[in-house]
Amino acid sequence: MKKILFMCLFAIVGIAAQAQMAKFQALYILQFAKNTSWPSDDNSKPFVITVVGDNALASELKSIANTKTIGVRKITVTESATATGLVKSDIIFLGESKSSQIGALVSAQANNRVLIVSGAKGMCAHGAGISFVPEGGKLNFEIHEGNIAKHGLKVGQKIVSLGRQVF
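Here the sequence shown stands for residues 21 to 187, numbered as in our numbering.
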């Protein structure tokens with residue numbers, strides 16, 4: 021009986037930790053969006069964030085989208101199971117479980133103004149602009165300004181200084 025209770029408690033703690041991580045990632049993504057120079061010709065369109073392979077993050081972002089905007093743009097959150105055939109997006113988040121699709125995503129988005137954010141460490145080396153890096157219970161991120169610039173975007177110095185720059 022104690023073993024079953026321990027296993028249940030362990031599962032609950034794991035779920036709570038995952039939800040907490042999704043909340044922090046969502047808040048970071050909102051700050052990335054607010055501190056990036058977006059083309060002014062897009063102001064009449066919704067700000068689209070597409071989440072590939074991370075339901076918890078998508079739920080958090082949808083909750084935020086109900087009350088926040090990026091400048092004057094309303095936020096729309098879409099979800100996808102794969103990194104191909106995506107709707108035109110301003111930010112695409114590639115979940116850790118889908119990190120093997122980074123090459124296809126970067127290739128498919130080569131000519132689009134999009135910020136590619138990954139939930140897996142080291143994805144900036146494969147074309148992501150920002151990669152989350154959980155370390156010691158804290159959420160950090162790597163940032164590759166060159167990859168971001170390839171998509172016609174510039175992230176503010178505030179974000180650059182908070183992340184670990186990679187080249």
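Glycine residues also receive a C-beta, built at the ideal position from the N, C-alpha and C atoms.
- Listed in chain order, the beta strand (DSSP E) runs fully inside the stretch 65 to 136 are 67 to 72, 93 to 100 and 111 to 114, counting runs of at least 3 residues.
- Within the DSSP bridge table, the entry for N160 names V153 as partners.
- Taking C-beta atoms under 8 Å as the contact rule, K94 and L50 fail to qualify, at a distance of about 13 Å.
- Remark: C-beta atoms of S117 and G149 do not approach each other more closely than 8 Å.
- Taking 8 Å as the upper bound for CB-CB distance, E80 and A46 are in contact here, some 4 Å apart.
- Exclusion of the five residues before and after N167 leaves C144, G147, A148 and G149 as the residues of its chain whose Cβ lies within less than 7 Å of its Cβ.
- A Cβ-Cβ separation of about 13 Å leaves S151 out of contact with E165 under the 8 Å criterion.
- Counted as a single uninterrupted DSSP element, the alpha helix (DSSP H) harbouring K178 occupies residues Q177 to L182.
- In terms of Cα proximity to F52, the closest of L106, A130 and S181 is S181.
- Of the candidates F113, K54, A101 and S119, the residue whose Cα lies closest to the Cα of G142 is S119.
- Each residue's CA atom was taken as its position, placing K158 and F113 some 19 Å apart.
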